[in-house]
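Taking it in order: structure first as structure tokens, then the write-up.
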Amino acid sequence: MEARLIGVTKKFGGTVALRDVTVEFRPGEVVAVIGLNGAGKTTLLNILAGLLVPSRGEVRFDGRAFARDQLEVRRRMMFIPDVPVMFGDESLVDHLATLHRLYERPTANVEDRLVALMEDFDVLGVARAPLGTLSRGQIHKSGLVGLLAIDPELWLLDEPFASGMDPHGLAAFRRHAQAAAARGRTVIYTTQILEVAQRFCDRLIVLNQGELVRSIPGNDLRSAHAEGMLDTLLESFRETPTR
Amino acid sequence: MRFGSKGFARSLRARVRAAARRRKAEVPSAWRNSVLQRRAFSPLVFRIGLPAAGIFMAGAFRDAPAFLAGVAGWWWLVCVLTKAGELLSAKQMHRWIGYAAHYPMEPVLLWSDVRRRLAWAWVCVMLEYSVGLALLGGIEAWDGALPVALIAGVALACLSLAVVLAAQRFIPAAWSGRIALAGFGLGATGVVGGWLASKFPGAFDRYFLPAIETGATVSPGGWLTLRFFQDGDALVDRWRWWCGVLVAAIAILYALGHGGAGRMVAAFRRQDEQLYRASESDLHGDTGDAGASRCTREDVVAAWRSTASTEPWRNRWLFDGLDARGLSWLRAIWPAPPRVVVQVPWRVALIVAPAVLRPALAGSAPQVSATMHVIAGALLWFSVVPLAPSPWKIFAPVAVGLRVAGCHAFHPVRYWGLSRVLLRVEVARAVAAWPWLATFVLLNLRWTGLSFDDQVAVLAASAGLAVAVQPLRVVAAYSRNSRDSSRVGVVVSGLIALAAMISALFATAALTGAWGAAGTSLGIVGVALIAGLIWAVYGWLYERLPWDLLRTPPR
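Note that the protein sequences, when read in sequence, are chains A and B. Sequential numbering from 333 applies to the first sequence in our numbering. Sequential numbering from 954 applies to the second sequence in our numbering.
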């Protein structure tokens, strides 16, 4: 699924969270969005998901202007915020059933796949416990199991590497995300951890104070000059005066 | 500089502008957020709209100043109670408990905070009460509805503004906004209502007077005040004192029982349990509750097959929270929703209390009898409000609001589909809660002197209304959890608020009219039509206007 932001500006009152951002996300791409706190990373994901409406500019999916009442488009994407939105008294099994209904996915003969996903993320043992009783990492793993069960074309993930998941869960997430990209899915995630972004993305997008300042191919990040490039990036953040 | 001169006026204007600039700088966007950008359809508007409608209709009766006084009394009684309760809200309690658990904080500090808030609640109570007394005094002395409505409206608006300006440094911004909005709404509607009443007095007398009387009989606040004015002859010298004691007592009772001590104890318990669970899992490497009963692959497959076939999506809100409270066995046998189940006990106690106390006290002094009437009315109000269909609380959404907005925002669901599901659930809840409500209302209606047939008619009308107004609950739930006025500017926000107020006005008129026409279904049909219209218009706006679905505060 191709996603494109064209000249998107988002204001909250007098604060500009995103400023004239134009960027394209191609199918089969893993994109990391980095930036300091308040850079506009989450706002960008919220706009892509249709939760927020741009103050100016537009969002296009597969070349078509997006409005949030286009359910057929929304069924092709899923957004997992930093704290996944779930009903605390529902179990993971209930959650998956709810998602299958909302995203109009078939529920027959999917048990083995769901169980395999739960085992992958080590949440099978707690699959019938109320989600509200799980730890933060387990809740995030449950959210990822839901996402993988639906297998949308566009993955939007806010800070998955700061979600409290254990190394096992993080490794499973990376493995599944890479496999999804290989299947043509688009994976967009935000992070503040440069080392993670450096190792795990096809493209790095840098936001600073609402502006898209750099777009760096993943290969460049892993080249011999990468360390110097990242240091320069950090320096540029420091030098940018706060608006 | 001479008072009234041009120089004086210029100087005054400059001072006002400078003060406004200072104010804006000191309170960045809080004022605008709380007052101007209030969500247009929020329950607050209905809270304003209902008493405003009361004043409006009361202004129509040139020969009923007592009723106007009653409506005014109703308004500030409810305002006072709501305010006192919210000052000690559960959310605030949880915050305190959280601080106490995570920081080296002595419990005594918590209690000092509680005392401070109680003191504020008391100040608010007394302020509102004294204003109400002044209003009542003025109304009693004035023989004319139009000036009364005008004066009452303007006075309330001015007073609310004064309260805001005086107390904004101490009261949270949200509170300031509520007070100001309530005052302005009331004042504006009072003025408009008074004017309309002067234009069309005959029509209102003919159509609304019987409805008001009957409505006041079942509406706890109106009933309370009507009874007071009917039985209160012996209290001419003392009623103010009694009323003061009553209001204060109820406020404190409400604050302690509903929003205060009980919540605090419950919150402490929950916190203890969570800490205990955490320490247990640290010790044993468990994963909280879930670790105690790890399920197998076969369990999961079986659960999936049963869950996926039972449409948890459609059923989920009906028995919401029952399992978490360890009451899952009630699902099978209990006809009422869990919210009712868990809230009933202390309200039952409140209902039973006057039934026991009144006969014991009635014979001792006439003023005790009248006072007990008032107390009984207040208790009726308490008992009816949380259960479902009251003319007041019916507009306040239950906890589904966040879930609705969350679901709608994060998953591909339309307003129409989701709100239809919600409507079914809400109607089912209202129907399920009805046995409780019927019992309580019948218990209290015994004191009104209505015949049994009339009582049943009133109950039937109320039941119909409870179902008819459910669309408004859905609208309120959506509005409460989205920034539905954040992108449309102050003018459009104001227009929407005005439309909401007018809707509330007519809805209230229809509600009261329906009660008056108990035994016929015309009023209820009218209410259903109005509520459905508001639901549909809001949905249309919700799907089309560029509203943000997240309540992200401006940074």
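Where a beta carbon is used, it is the ideal one built from N, C-alpha and C, also for glycine.
- For arginine 408/A, the three-state secondary structure derived from DSSP is coil.
- Each of Arg445/A, Val362/A, Ser555/A and Glu443/A was checked against the Cα of leucine 486/A, and the nearest Cα belongs to Val362/A.
- The C-beta of tyrosine 521/A comes no closer than 8 Å to any C-beta of chain B.
- Taking C-beta separations shorter than 7 Å and ignoring five residues to either side along the sequence, the partners of arginine 407/A in its chain run Tyr435 and Glu436, following chain order.
- If you keep only unbroken alpha helix (DSSP H) runs of at least 4 residues inside the region 482-537 of chain A, you get 499-514 and 526-531.
- Per DSSP, the continuous beta strand (DSSP E) segment holding arginine 336/A begins and ends at 335-344.
- Alanine 440/A sits in coil when the DSSP states are folded into three classes, being neither helix nor strand.
- In the three-state scheme derived from DSSP, where H, G and I count as helix and E and B as strand, arginine 351/A is classed as strand.
- By the Cβ-count criterion, arginine 963/B is exposed, with fewer than 16 other Cβ atoms from all chains shown falling within 10 Å of its own Cβ.
- Any Cβ of chain A closer than 8 Å to the Cβ of arginine 1247/B would place that residue at the interface, and such an atom is present.
- Taking a beta-carbon distance threshold of 8 Å, arginine 460/A counts as an interface residue toward chain B.
- DSSP links arginine 392/A through a beta bridge to Arg336/A and Ala397/A.
- Residues of the region 438-453 of chain A with a Cβ closer than 7 Å to any Cβ of chain B, in chain order: Thr439, Glu443, Leu446, Val447 and Met450.
- By the Cβ neighbour-count rule, tryptophan 1493/B is exposed, with fewer than 16 other Cβ atoms within 10 Å of its own.
- Annotation: valine 1366/B is outside any alpha helix (DSSP H) and is labelled neither H nor E by DSSP.
- Taking C-beta separations shorter than 8 Å and ignoring five residues to either side along the sequence, the partners of arginine 460/A in its chain run Ser423, Leu424 and Val425, following chain order.
- Taking one beta carbon from each stretch, the region 373-387 of chain A and the region 333-349 of chain A have 3 or more pairs nearer than 8 Å; the two touch.
- Residue contact check for leucine 1502/B against chain A: a CB pair falls below 8 Å.
- Cβ-Cβ separation between isoleucine 537/A and valine 365/A: approximately 5 Å, consistent with a contact (criterion under 8 Å).
- Between methionine 497/A and glycine 469/A, the gap from beta carbon to beta carbon is short of 8 Å.
- Using beta-carbon distances, glycine 457/A counts as an interface residue toward chain B, with a partner under 8 Å.
- Around the CB of histidine 1364/B, 16 or more other CB atoms lie within 10 Å, so the residue is classed as buried.
- Interface with chain B (8 Å Cβ-Cβ cutoff): arginine 407/A is included.
- Between the C-alpha atoms of aspartate 1501/B and proline 484/A there is a straight-line separation of about 23 Å.
- Note that the region 539-556 of chain A does not touch the region 383-401 of chain A; fewer than 3 beta-carbon pairs, one per stretch, sit closer than 8 Å.
- Neighbours of valine 385/A across chain B, judged by C-beta separation under 8 Å: Arg1440, Pro1499, Trp1500 and Asp1501.
- Interface with chain A (8 Å Cβ-Cβ cutoff): arginine 963/B is excluded.
- At a cut-off of 8 Å between beta-carbon atoms, leucine 377/A makes no contact with chain B.
- Using a 10 angstroms sphere on the CB of histidine 500/A, the tally of other CB atoms stays under 16, which defines it as exposed.
- For alanine 461/A, there is no enclosing beta strand (DSSP E), since its DSSP letter is neither H nor E.
- Among the residues of chain A, those whose CB is under 7 Å from the CB of valine 1254/B are Glu443 and Val447, following chain order.
- With a beta-carbon spacing of about 6 Å, alanine 381/A and leucine 488/A fall inside the 8 Å limit used to define contacts.
- When the alpha-carbon of leucine 446/A is set against those of Ala1255/B, Ala1421/B, Ala967/B and Gly960/B, the nearest one is in Ala1255/B.
- For phenylalanine 411/A, the chain B residues whose Cβ falls inside 7 Å of its Cβ are Phe1363, in order along the chain.
- Proximity of alanine 494/A to chain B, defined by a Cβ-Cβ separation below 8 Å, is not satisfied.
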